[in-house]
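Participant: Residues 974 to 1097 (my numbering) are what the sequence shown spells out, left to right.
Just so you know, even glycine gets a beta-carbon here, dropped at the ideal spot from N, CA and C.
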Amino acid sequence: MAADPIEAIEPICEIDDFVTVSAAALKKMRALMDEEGPGPHFLRIWVSGGGCAGFQYGFCFEQASEPGDRIIEKSGVRVVIDPLSLPYLASVTIDYRDDLKGARFIVKNPNARTTCGCGNSFSP
């Protein structure tokens, strides 16, 4: 059985020992933040109901955080997670790939019992 390609990514940086982000994902996050223009930028990651497995991940850029958000910073990238999503995102690994399936962030979640075939949704 082939090794999981996300497991083999080097180097990986820990963001506040809560979220792990691959070098490729960190590079893409910085590039996207630069495209957003000047000002503070936060990469918000959240979990919402939906998708074929029950829950799905969401990503967007915001210029401010909300009360209760957990703000995690590494190498100039600030990740924001709301309190409801926090338990679902504990110990996740975020990677970025641009291949035949398209350009996308990939979340490897050790808390997920099952994931859908495309990897965009999960059940806890």
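#1: Where does Leu-1016 sit, in a helix, a strand or coil, going by DSSP?
#2: Among all the DSSP beta bridges, which residues are the ones paired with Glu-1046?
#3: Using 8 Å as the threshold, is the stretch 1034-1047 in touch with the stretch 1007-1024, meaning 3 or more CB pairs across them?
#4: Which residue's Cα is closest to the Cα of Ala-1063: Glu-1008, Val-1020, Ala-998?
#5: Give the range of the beta strand (DSSP E) segment to which Glu-1035 is assigned.
#6: Is Leu-1057 buried or exposed, if buried means 16 or more other CB atoms sit within 10 Å of its CB?
#7: So, at 8 Å on beta carbons, what are the nonlocal neighbours of Ala-997 in its own chain, with the 5 sequence-adjacent residues on each side left out?
Facilitator: Looking at the coordinates:
#1: Numbered from its first residue, the sequence shown carries residue 1016 at position 43. It is a strand residue.
#2: Residue mapping note: residue 1046 aligns to position 73 of the sequence shown, counting from 1. According to DSSP, Glu-1046 bridges with Arg-1051.
#3: Yes: at least three Cβ pairs fall under 8 Å.
#4: Here residue 1063 is taken as the residue at index 90 of the sequence shown, counted from 1. Of the listed residues, the one whose Cα sits closest to Ala-1063 is Val-1020.
#5: Within the sequence shown, residue 1035 is the residue found at index 62, counting from 1. Residues 1028-1035.
#6: Stepping through the sequence shown from its first residue, residue 1057 is reached at position 84. By the beta-carbon neighbour count (other beta carbons within 10 angstroms, threshold 16), Leu-1057 is exposed.
#7: Translated into positions along the sequence shown, residue 997 becomes position 24. Excluding residues within five positions, the ones whose Cβ falls inside 8 Å are Ile-982, Asp-1068, Tyr-1069, Arg-1070.
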